[in-house]
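> Numbering (our numbering), first residue to last: 291 to 717. Ideal placement from N, C-alpha and C gives every residue a C-beta, glycine not left out. Treat the numbers as computed from the prediction; the structure is a model and nothing was measured.
#1: With a CB to CB cut of under 7 Å and the five nearest residues on each side skipped, what residues in its chain are close to residue 372?
#2: List the residues that DSSP assigns as beta-bridge partners of residue 362.
#3: With a cut-off of 8 Å, do at least 3 Cβ pairs link the region 678-686 to the region 610-624?
#4: Going by other Cβ atoms of all chains shown within 10 Å of its Cβ, with 16 needed for buried, is residue 439 buried or exposed?
#5: Along the chain, where does the beta strand (DSSP E) containing residue 635 start, and where does it finish?
#6: Going by beta carbon distance, what residues of the same chain come within less than 6 Å of residue 308, once the five residues before and after it are set aside?
#7: How big is the Cα-Cα spacing for residue 735 and residue 563?
#8: Have a look at residue 605 and residue 523 and give me their C-alpha separation to the nearest angstrom.
#9: Starting from residue 424, follow its DSSP beta bridges and name the residues at the other end.
#10: Note down the Cα distance separating residue 704 from residue 633, rounded to an integer number of angstroms.
#11: Flag this pair as yes or no: are the beta carbons of residue 366 and residue 321 separated by less than 9 Å?
#12: If you reduce the DSSP assignment to three classes, tell me which class residue 371 lands in.
#13: Quick check on the burial criterion: 16 or more other C-beta atoms within 10 angstroms. Buried or exposed for residue 677?
#14: Less than 7 Å between C-beta atoms, sequence neighbours within five positions excluded: which residues of the same chain meet that for residue 694?
#15: Who are the near neighbours of residue 354 in its chain, counting only those whose CB is closer than 6 Å to its CB and skipping five residues on each side?
#16: To the nearest angstrom, report how far apart residue 399 and residue 338 are at their CA atoms.
#17: Under the rule that 16 or more other beta-carbon atoms within 10 Å means buried, what is residue 752, buried or exposed?
#18: Could you tell me whether the Cβ atoms of residue 260 and residue 395 are closer together than 9 Å?
#19: Determine the direct distance from the alpha carbon of residue 324 to that of residue 422, and round the result to whole angstroms.
#20: Please name the residue in 313, 680, 628, 583 whose C-alpha comes closest to that of residue 642.
#21: Report buried or exposed for residue 667, applying the criterion of at least 16 other Cβ atoms within 10 angstroms of its Cβ.
#22: Taking C-alpha atoms, which residue in 594, 520, 614, 569 lies nearest to residue 581?
#23: If distances are taken between C-alpha atoms only, which option among 375, 475, 305, 487 comes closest to residue 442?
#24: CA-CA distance, residue 447 and residue 357?
#25: Please look up how many angstroms separate the CB atoms of residue 327 and residue 433, rounded, as I've assumed it's under 8 Å.
#26: Kindly indicate the opening and closing residues of the beta strand (DSSP E) around residue 688.
#27: Does DSSP put residue 704 in a helix, a strand or coil?
#28: Mind checking which residues open and close the beta strand (DSSP E) that includes residue 586?
#29: Kindly indicate which three-state DSSP category residue 392 falls into: helix, strand or coil?
#30: In angstroms with no decimal places, state the Cα-to-Cα distance between residue 679 and residue 572.
#31: Do we get a CB-CB distance below 9 Å when we pair residue 681 with the residues of chain B?
#32: Evaluate residue 408 with the Cβ neighbour count: other Cβ atoms within 10 Å of its Cβ, from every protein chain shown; 16 or more gives buried, anything less gives exposed.
#33: Mapping DSSP to helix, strand and coil, what is residue 347?
#34: In the structure shown, what three-state DSSP assignment does residue 618 receive?
#35: Please state the DSSP three-state secondary structure of residue 308.
#36: For residue 291, name the three-state secondary structure that DSSP assigns.
Here it is, written out as structure tokens:
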């Protein structure tokens, strides 16, 4: 704000200086055009105090009084470096009469301009004798349009300072408003930046937590495979040691079929992160002897952030796996559908397992509610609450249907923003 005030102050001073200079150039031109050129030429032929001198000086004093200028005078410019005052109408405060042909204070730069026949203006000239002032000069021309001298006007710096001060005072409210506006904008920017950084940290934290959970699930599956592999090796080793080659061959044949099933884990999904996630869940399910099937569209599912997609399906698939584990191996089944149907994304997870009763389904999306047994050190009841929160953020709906044979979780998310779906809930 201080910089803004200082900048505005100097801009006002510069504008005021230019305005005063331009205004007095017009005045000087008017004075020069009304000057009795014949009388002035007569004076120049004999530049001493005479009748011609007195007439011109009287005219200059009259226009000085009417105009309020500090000094009005004629100049002789016969070289590009120094000008000389010829007839000077001084202010009443003038110390003494200025001598004919006395060297003038017009700077060399402006003298050169006059020597070239141009109009000139100066900056504020600091004069210890006559005070501070700015000067304008215009040519005096004879009837043949020949320059015979210059008409100069000195305007007191007090006039300039007074106008500048008034202009500055009148604009101080605008300067203050602009300064406050800038401060408010800076504060707003800092607040928004802080909120953005908080949200970014939250997003990064949630992403890290989600992938950590999936990584732990994958590591657990690999450990299970390693453990099973060790057991299989021990069985085969024992059968061969007992020379029961037929049984060893049969055992290897069954293992070969199981390996073929594991090799079929790869899914044709056009989203790398989502594809790895589904493969991890398929491996986890197969490690628990769950018959799991996928029906996934070859789509990027790019209208949903991958991290949000994984949040939704991770919780639903984990719930399905836990539910099937309460059944014998041969009854464990999960079907997963991930499709783009017209203008919506459809996700449906169907699993065998215990029925979710009506009273539980009414509260199933509430934070902290769970139908599972409480385990020490493990938080329950956040999964479906998180799922519904994410789904709602995309304008989607989620529903849970359950009977004594199976449970179906259905999620519908509109591809186009602003499209409304039917109210979420439990059917």
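Let me lay it out:
#1: On the chain shown, position 82 is the one that residue 372 refers to. If we look at residue 372 and ignore the five residues flanking it on each side, its Cβ neighbours are 393, 401.
#2: Start at 1 with the first residue of the chain shown, and residue 362 comes out as number 72. DSSP output for residue 362 lists 379, 443 as bridge partner(s).
#3: no
#4: Residue numbering aside, residue 439 sits at position 149 when the chain shown is read from its first letter. Burial call: buried.
#5: Taking the first residue of the chain shown as 1, we reach residue 635 at position 345. Residue 635 -> beta strand (DSSP E) spans 634-642.
#6: Locating residue 308 in the chain shown gives position 18, counting from the first residue. Once the five neighbours on either side are set aside, residue 308 has no close Cβ partner at all.
#7: Residue numbering for the chain in the displayed model covers 291 to 717; residue 735 lies beyond these limits and cannot be assessed.
#8: If you number the chain shown from 1, residue 605 lands on position 315. If you number the chain shown from 1, residue 523 lands on position 233. Taking the straight line joining both Cα atoms gives about 35 Å.
#9: Indexing the chain shown from 1 puts residue 424 at position 134. Residue 424 is bridged to 445.
#10: One-based indexing of the chain shown puts residue 704 at position 414. One-based indexing of the chain shown puts residue 633 at position 343. Their backbone Cα atoms lie some 6 Å apart in a straight line.
#11: Residue numbering aside, residue 366 sits at position 76 when the chain shown is read from its first letter. Residue numbering aside, residue 321 sits at position 31 when the chain shown is read from its first letter. No. Outside cutoff.
#12: Here residue 371 corresponds to residue number 81 of the chain shown, with the count starting at 1. Reduced to three states, the DSSP call for residue 371 is coil.
#13: As a working note, residue 677 is residue 387 in the chain shown. Buried, by the Cβ-count rule.
#14: For the purposes of this step, residue 694 is identified with residue 404 of the chain shown, where counting begins at 1. Only 645 meet the Cβ criterion.
#15: The residue labelled residue 354 in the question sits at position 64 within the chain shown. Hits under 6 Å: 362, 379.
#16: As a working mapping, residue 399 is identified with position 109 in the chain shown. As a working mapping, residue 338 is identified with position 48 in the chain shown. Their Cα atoms are separated by approximately 28 Å.
#17: In the structure as shown, the chain begins at 291 and stops at 717. Residue 752 is therefore absent and cannot be evaluated.
#18: With the chain covering 291 to 717 only, the question about residue 260 has no answer from this structure.
#19: Locating residue 422 in the chain shown gives position 132, counting from the first residue. Locating residue 324 in the chain shown gives position 34, counting from the first residue. If you take the alpha carbons of residue 422 and residue 324, they lie about 28 Å apart.
#20: Taking the first residue of the chain shown as 1, we reach residue 642 at position 352. Of the candidates 313, 680, 628, 583, the one whose C-alpha sits nearest the C-alpha of residue 642 is 583.
#21: Reading the chain shown from its first residue, position 377 is the one you call residue 667. Any reading at residue 667 is ruled out, since the residue's pLDDT is 45, under 50, leaving its predicted position unreliable.
#22: The sequence position of residue 581 within the chain shown is 291, counting from 1. It is 614.
#23: As a first step, residue 442 is located in the chain shown; it is residue number 152 there, counting from the start. If we check each option's Cα against that of residue 442, 375 comes out closest.
#24: Within the chain shown, residue 447 is the residue found at index 157, counting from 1. Within the chain shown, residue 357 is the residue found at index 67, counting from 1. Straight-line Cα distance between these residues: approximately 15 Å.
#25: Working through the chain shown from its first residue, we reach residue 327 at position 37. Working through the chain shown from its first residue, we reach residue 433 at position 143. Confirmed, Cβ separation roughly 7 Å.
#26: Taking the chain shown and counting its residues from 1, one reaches residue 688 at position 398. Run containing residue 688: 687-692, per the beta strand (DSSP E) assignment.
#27: On the chain shown, residue 704 is found 414 positions in, with the first residue counted as 1. Residue state, collapsed to three classes: strand.
#28: Sequence index remark: in the chain shown, residue 586 carries index 296 (1-based). Where residue 586 is concerned, the enclosing beta strand (DSSP E) stretches over 581-586.
#29: Stepping through the chain shown from its first residue, residue 392 is reached at position 102. It is a strand residue.
#30: As a first step, residue 679 must be located in the chain shown, where it is residue number 389. As a first step, residue 572 must be located in the chain shown, where it is residue number 282. Rounded to whole angstroms, residue 679 to residue 572 spans 25 Å at the Cα level.
#31: Considering every chain present, this structure includes no chain B. It has just one protein chain.
#32: Position 118 of the chain shown holds residue 408. Per the 10 Å Cβ criterion, exposed.
#33: Here residue 347 refers to the residue found at position 57 when the chain shown is read from its first residue. DSSP places residue 347 in helix when its eight states are reduced to three.
#34: Numbered from 1 along the chain shown, position 328 holds the residue referred to as residue 618. DSSP places residue 618 in coil when its eight states are reduced to three.
#35: Counting from one through the chain shown, the residue named residue 308 turns up at place 18. The answer is helix: DSSP assigns residue 308 an H, G or I state.
#36: What you label residue 291 is simply residue 1 of the chain shown in a count that begins at 1. A caution first: residue 291 carries a pLDDT of 48, below 50, which makes its placement in the model unreliable, though a value can still be read off. Of the three classes helix, strand and coil, the one that applies to residue 291 here is coil, per DSSP.
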